[in-house]
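Trainee: Okay, handing you the structure first.
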Amino acid sequence: MPEEVKKHKKAVVFCLSEDKNIILEEGKDILGGDVRQTVDNPCTSFVKMLPVKDCCYALYKATYQIKEGK
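Written out as structure tokens, the structure is:
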């Protein structure tokens with residue numbers, strides 16, 4: 001996997017502060033290089049990162065295969 005791809009974020013969790021600034025949740029992200037290295041199932045790991053009681057926003061980059069390719 002190219003080094004550039006390893007640094008891309010696969011998933012990230014963030015929230016908004018009272019003054020509407022974006023706050024990235026520290027340690028709540030998955031990098032492309034983490035997949036199959038330290039993270040076996042990115043989707044399951046992503047769901048576990050979500051807070052139970054707090055409101056947040058999340059972005060998840062999903063890839064999937066179809067007959068024609070990715």
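Here the sequence shown is numbered in UniProt numbering, starting from 1 and rising by one per residue. Glycine residues also receive a C-beta, built at the ideal position from the N, C-alpha and C atoms.
Should the segment 61-70 be called in touch with the segment 20-29, which here means at least 3 C-beta pairs below 8 Å?
Mentor: Result no; under three Cβ-Cβ pairs closer than 8 Å.
Trainee: State the start and end residues of the unbroken beta strand (DSSP E) segment that holds residue 13.
Mentor: The count along the sequence shown starts at 1 and reaches residue 13 at position 13. That run of the beta strand (DSSP E) goes 9-16.
Trainee: Assign residue 13 to one of two classes, buried (16 or more other C-beta atoms within 10 Å of its C-beta) or exposed (fewer than that).
Mentor: The residue given as residue 13 occupies position 13 in the sequence shown. Buried.
Trainee: Between the alpha carbons of residue 42 and residue 28, how many angstroms are there, rounded?
Mentor: Locating residue 42 in the sequence shown gives position 42, counting from the first residue. Locating residue 28 in the sequence shown gives position 28, counting from the first residue. One C-alpha to the other measures close to 12 Å.
Trainee: Using the rule of at least 16 other Cβ atoms within 10 Å of the residue's Cβ for burial, across every protein chain shown, is residue 52 buried or exposed?
Mentor: Taking the first residue of the sequence shown as 1, we reach residue 52 at position 52. By the neighbour-count rule (16 or more Cβ atoms within 10 Å), residue 52 is not buried but exposed.
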